[in-house]
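For our numbering, add 9 to where a residue sits in the sequence shown, where the first one is 1. We treat Cβ as the ideally placed atom computed from N, Cα and C, and that holds for glycine. Here the structure is a predicted model, which means the values were calculated and not measured. Contents: one structure, followed by commentary.
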Amino acid sequence: MPQVSVRCTVDNCYFWAQENFCHAESILITTDQASSQYPESVDSRDTAMIVSQIGETPAESCQETACKTFSRK
Ligand code: SF4
Numbered sequence: 010m011p012q013v014s015v016r017c018t019v020d021n022c023y024f025w026a027q028e029n030f031c032h033a034e035s036i037l038i039t040t041d042q043a044s045s046q047y048p049e050s051v052d053s054r055d056t057a058m059i060v061s062q063i064g065e066t067p068a069e070s071c072q073e074t075a076c077k078t079f080s081r082k
């Protein structure tokens, strides 16, 4: 598995930590269009299932992408 350090400035997320680090075990990034098919926040344990359902979702720009693991504090 790749080891990625995720820096994120969304400080009202449950997984956000000091110095803008994400402490989630894994995160799901997808397009806004695919994201809209699921609840506002999804359980990280459902990530693999959701990825298999969504498949691949090319985006034209970064503005079309979002972190689906976001969970409001
Ligand atoms: S889960 Fe997403 S929104 Fe929340 S801190 Fe991590 S990267 Fe940021």
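Residue state for residue 71 is assigned as helix, using DSSP reduced to three classes. Each residue's CA atom was taken as its position, placing residue 66 and residue 27 some 31 Å apart. In the three-state reduction of the DSSP assignment, residue 26 falls in the strand class, which pools E and B. Using a Cβ distance threshold of 9 Å, residue 30 and residue 17 count as a contacting pair. Taking a C-beta distance under 9 Å as the contact criterion, residue 36 and residue 78 qualify as a contact pair. The alpha carbon of residue 63 has as its nearest neighbour, out of 69, 14, 42, 13, the alpha carbon of 42.
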